[in-house]
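Following our numbering, the numbering of the sequence shown begins with 237 at its first residue and continues without gaps.
Glycine is no exception: its CB is placed at the ideal position from the N, C-alpha and C atoms.
Here the structure is a predicted model, which means the values were calculated and not measured.
The structure under discussion appears below in the form of C-alpha cells.
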Amino acid sequence: MKKHQIIKMTCWCLIILIPLSELLVGYDSSDIGFILNQYKFINADYNTIYLPLLLTDVIGSVFFNIFKCFSMPEYLCFEVLWALCIYYLCFLSYKVYKKYYENELILPALVIAVIFAKTNLNFFMYNTTVAVFSLTALYFFVIAVNDRKNIYLVISVFFLCLSVLSKLSAAIQIIMYLALFYDFYIKKDRKHFSRQILSCLAGGAAGIVICGIIISASCGMSEYFGMIRDMFIYAGNSGDGHTVKNMLLINIKGVMHGVIWLGIAFCLVCLSHIKPLAKLTKPAGIGLIIIVSVYTVVGFFAAGISENVLTLYQSTWKFFEVIAIVTALMYICVFLIMKNKEYSHEYKILVLSAALITCSMPIGSNVGIRHICNESFFVIPFIAVAIRNTVFSGKVKATTDIKKYIVLSFMIYMAAVSLKQSFYRSCYYQENGIKIAADENIPQLRYIKSDQSEYELLEELLAFLSEKEYDRAVVAGNFPIINYLSGIKPGIDSCGGWIETDYVTATDIETDLYNYMPVIITSDSGYSVDTEKNRTIKNFINSNKYMEVFHNEKFTVYSFEK
Numbered sequence: 237m238k239k240h241q242i243i244k245m246t247c248w249c250l251i252i253l254i255p256l257s258e259l260l261v262g263y264d265s266s267d268i269g270f271i272l273n274q275y276k277f278i279n280a281d282y283n284t285i286y287l288p289l290l291l292t293d294v295i296g297s298v299f300f301n302i303f304k305c306f307s308m309p310e311y312l313c314f315e316v317l318w319a320l321c322i323y324y325l326c327f328l329s330y331k332v333y334k335k336y337y338e339n340e341l342i343l344p345a346l347v348i349a350v351i352f353a354k355t356n357l358n359f360f361m362y363n364t365t366v367a368v369f370s371l372t373a374l375y376f377f378v379i380a381v382n383d384r385k386n387i388y389l390v391i392s393v394f395f396l397c398l399s400v401l402s403k404l405s406a407a408i409q410i411i412m413y414l415a416l417f418y419d420f421y422i423k424k425d426r427k428h429f430s431r432q433i434l435s436c437l438a439g440g441a442a443g444i445v446i447c448g449i450i451i452s453a454s455c456g457m458s459e460y461f462g463m464i465r466d467m468f469i470y471a472g473n474s475g476d477g478h479t480v481k482n483m484l485l486i487n488i489k490g491v492m493h494g495v496i497w498l499g500i501a502f503c504l505v506c507l508s509h510i511k512p513l514a515k516l517t518k519p520a521g522i523g524l525i526i527i528v529s530v531y532t533v534v535g536f537f538a539a540g541i542s543e544n545v546l547t548l549y550q551s552t553w554k555f556f557e558v559i560a561i562v563t564a565l566m567y568i569c570v571f572l573i574m575k576n577k578e579y580s581h582e583y584k585i586l587v588l589s590a591a592l593i594t595c596s597m598p599i600g601s602n603v604g605i606r607h608i609c610n611e612s613f614f615v616i617p618f619i620a621v622a623i624r625n626t627v628f629s630g631k632v633k634a635t636t637d638i639k640k641y642i643v644l645s646f647m648i649y650m651a652a653v654s655l656k657q658s659f660y661r662s663c664y665y666q667e668n669g670i671k672i673a674a675d676e677n678i679p680q681l682r683y684i685k686s687d688q689s690e691y692e693l694l695e696e697l698l699a700f701l702s703e704k705e706y707d708r709a710v711v712a713g714n715f716p717i718i719n720y721l722s723g724i725k726p727g728i729d730s731c732g733g734w735i736e737t738d739y740v741t742a743t744d745i746e747t748d749l750y751n752y753m754p755v756i757i758t759s760d761s762g763y764s765v766d767t768e769k770n771r772t773i774k775n776f777i778n779s780n781k782y783m784e785v786f787h788n789e790k791f792t793v794y795s796f797e798k
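Here you go:
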C-alpha cells in the first residue's frame, strides 16, 4: 500500500472516530438541559422556548419523538445525530474541494476541522443546524457560480433562509453573496449577473414563504415577531451573543485578535530582513516556539499554580485563542490566493465565499469566540493549501528559518489548544472526581455528569416530583435539566427553563412568577450566589404563601399554598 493511501485511510478513520470519542462521556445540567427542554416542551407551550431558534427546536422536537422508539436515552441519540451532521459537513467540503482544487492536504485539514468542531458541545443544537443549512447554502452557491447553474442559487438562498429560522442571527451571512460581484467584475457578463440576482430573489421568496408557513403552523406570526422585537433586537443589558449588537461585537473582537497575530507575524518577517538581526532568526524562532509551548502548558495548570497566574492567563488568553490564529491565517491566505494568478477563478470563488460566510458565522453565545464551531470545514483546507504553496515555496520574502518557525509555532499552538478545548469537559470531570451515573431504572439519568452523592440527591428530587402534579416549575441554580427529567414545563417564558441566561431579565422572571405561581426548585450551588435574579425569586417566595415542601442536601422545593 502506498504512503498517500495510508495517509488517506488514516484521515478518514480519524474523521469517523473523533466525533464519537465523547459519546459516552455524558451531559451537563445547564446547556444540555436548556436544549432538551425546548425539544421536549415546544409542542406543549411555545412560550417556554427561545423563538429565535424556532426551526432548530422544531427539528429537535421531531427527532425527540422519533428517539423515544429507541431504548437508549435521548441525549445519546442527539449526540449521534450531531456526529452524523459532522460527517455530512466533511462530505460537503471534501466534495467541493475535490471538484475545484483537489489536493492531498484536504483530508488532513478536515481532520483538524473536526477537532475544531468538537470544541463546542457535541450535541445537536442551534450551532449544528446553522452550520448544516449555511454550509449547504455555501456548497450550492459555489457550484451555481462556477458551473453557471442559476437554479442552484435558488437552492442556496433557500437553505440560507432555513439557517436564519434556525438561529435568527445567521441573517448576516447574506454577505456571502457579495462574491457574486467579484464574479461579475471578472466576467463582465451583465445578462448572466442579472439572472443570478433574480435567482437569488426567487430563492429568498421561496425561503420566506416556507419559513412563514412553519412559523404560522407553530407559534404564530405575532408571537414570533413579538419575541424577536423584545428579545433579539434589544435584550436589555444582555451580554449574550444571540442579540445582533453583541454578536457583531463578538465577531469584531475576534477580527481584532486575529489582526494582532497578523502584526506579530509581520514584525518577525520584517526583522528577518535586517542584516544585523538576520543571525538572530533561528534563536528567535526557537524562542517563539518555547514561549508558545510554555504558555500552552501553563494554561493546563494555571488554576493550580496560583490565583495571580490564573488571572494573568485568563486576561491574555483571549488574544491567543485558536480562533484568533485561524482568523489571522484566513486573512493572509485569502489575500495570497486572490492575488495569485496560478489559482483558478473557480477556486477563488470557493475561497472568497467560504471566508465571507465564516466572518459572519453567528458564533452565538456569551462564551463568544472561545467556541470554534463548524465554519472551519470550508476554511481550514484552503489555509493548509495556501501555507504549503506559499510559505514553503519561497514566495514570501523572508528567510527560510523564520518562515518555518512562525508556521511551526502557529501549528504547535493550534494543535495543543484545540486538543485542550476539544476534551476540556472530560478533563474537567475527571480532575474533579465527577462520575457518570449509570442507573438503569431511570434511563434519562444514565450518562448524566455528577458525583455519586449529587446523583442520588437528584434521584430523590425526581421521585418526589413524580408524586405531584405540578404544571410549571422554575429551577434556580443552573439546573434546567430538572424540567426535562421531571416532565414539568418551565415556569419562566422564553428561556427554555434556564433562567440564568441573558434571554430573560429579573423583571421578566418576576412577571412570570406572578402570572403562573409555579413550583420553585432551587439548587444550592447556584442559588446561593447573590444575583439580581436569585434575589427576585427569594423576595417572591417570602412575599407570597410559598412553603418548603421538599429539602435535601442539594435541592429545595417551594410550593404555593392556597
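Thr246 sits in a helix when the DSSP states are folded into three classes. By the C-beta density criterion, Lys424 is exposed, having fewer than 16 other C-beta atoms within 10 angstroms.
Here the region 313-330 lies against the region 359-369, with 3 or more beta-carbon pairs under 8 Å apart. Judged by pairs of C-beta atoms under 8 Å, the region 699-716 touches the region 753-767, as three or more such pairs exist. Residue pairing by DSSP puts Ile757 in a beta bridge opposite Val711, Val793. A straight line joining the alpha-carbon of Val587 with that of Ile510 spans about 34 Å.
By the CB criterion at 8 Å, Leu272 and Glu310 fall inside the cutoff. Cα atoms of Phe270 and Tyr337: separation of roughly 41 Å, rounded to the nearest angstrom.
In chain order, Lys725, Gly727, Tyr752, Pro754 place their CB closer than 6 Å to the CB of Arg708, counting only its own chain and leaving out the 5 sequence neighbours on each side.
In this structure, the CA atom of Pro255 is about 9 Å from the CA atom of Ala353. Closest by C-alpha distance to Phe394, out of Cys503, Leu371, Phe791, is Leu371.
Closest by C-alpha distance to Asp383, out of Phe461, Met412, Tyr583, is Tyr583. If you check the CB distance, Gly732 and Tyr286 come in under 8 Å.
Contact between the region 398-407 and the region 442-452 is present: three or more C-beta pairs spanning the two stretches fall below 8 Å.
Tyr750: not part of any beta strand (DSSP E); member of the alpha helix (DSSP H) spanning 742-752, first to last residue. Collapsing the DSSP output to three states places Tyr706 in coil.
Out of Ile585, Ser580, Val570, the CA that lies nearest to the CA of Ile619 is found in Val570.
In the three-state scheme derived from DSSP, where H, G and I count as helix and E and B as strand, Met361 is classed as coil. DSSP links Met574 through a beta bridge to no other residue. Nearest Cα to Thr767 within the set Leu749, Ile777, Lys790, Thr741: Thr741. Residue pairing for Tyr782: DSSP places it in a beta bridge opposite Phe796. Collapsing the DSSP output to three states places Pro288 in a helix. Only exposed fits Ile496, as fewer than 16 other CB atoms lie within 10 angstroms of its CB. When secondary structure is reduced to three states using DSSP, Pro309 falls in the coil class, being assigned neither helix nor strand. DSSP places Pro512 in the helix class (H, G or I) of the three-state scheme. In the structure shown, Pro617 adopts helical secondary structure according to DSSP, grouped into three states. Around Leu693, the same chain offers Asn788, Glu789, Lys790, Phe791 as residues with beta carbons nearer than 8 Å, after the five sequence neighbours per side are excluded. With respect to the C-alpha of Ser329, the residue from Asp281, Val294, Val378, Leu312 having the closest C-alpha is Val378.
According to DSSP, residue pairing for Lys725 in a beta bridge involves Arg708.
In the DSSP secondary-structure assignment, His787 is bridged to Thr792. Here Pro512 is exposed, its C-beta having fewer than 16 other C-beta atoms within 10 Å. Residue state for Lys403 is assigned as coil, using DSSP reduced to three classes.
The DSSP-derived three-state label of Tyr583 is helix.
Proximity to Ile342 across Ile756, Phe613, Ser795 peaks at Phe613, based on C-alpha coordinates.
For Lys331 and Gly296, the gap between their C-alpha atoms comes out near 27 Å. Note on geometry: alpha-carbon atoms of Ala280 and Val298 lie some 13 Å from one another.
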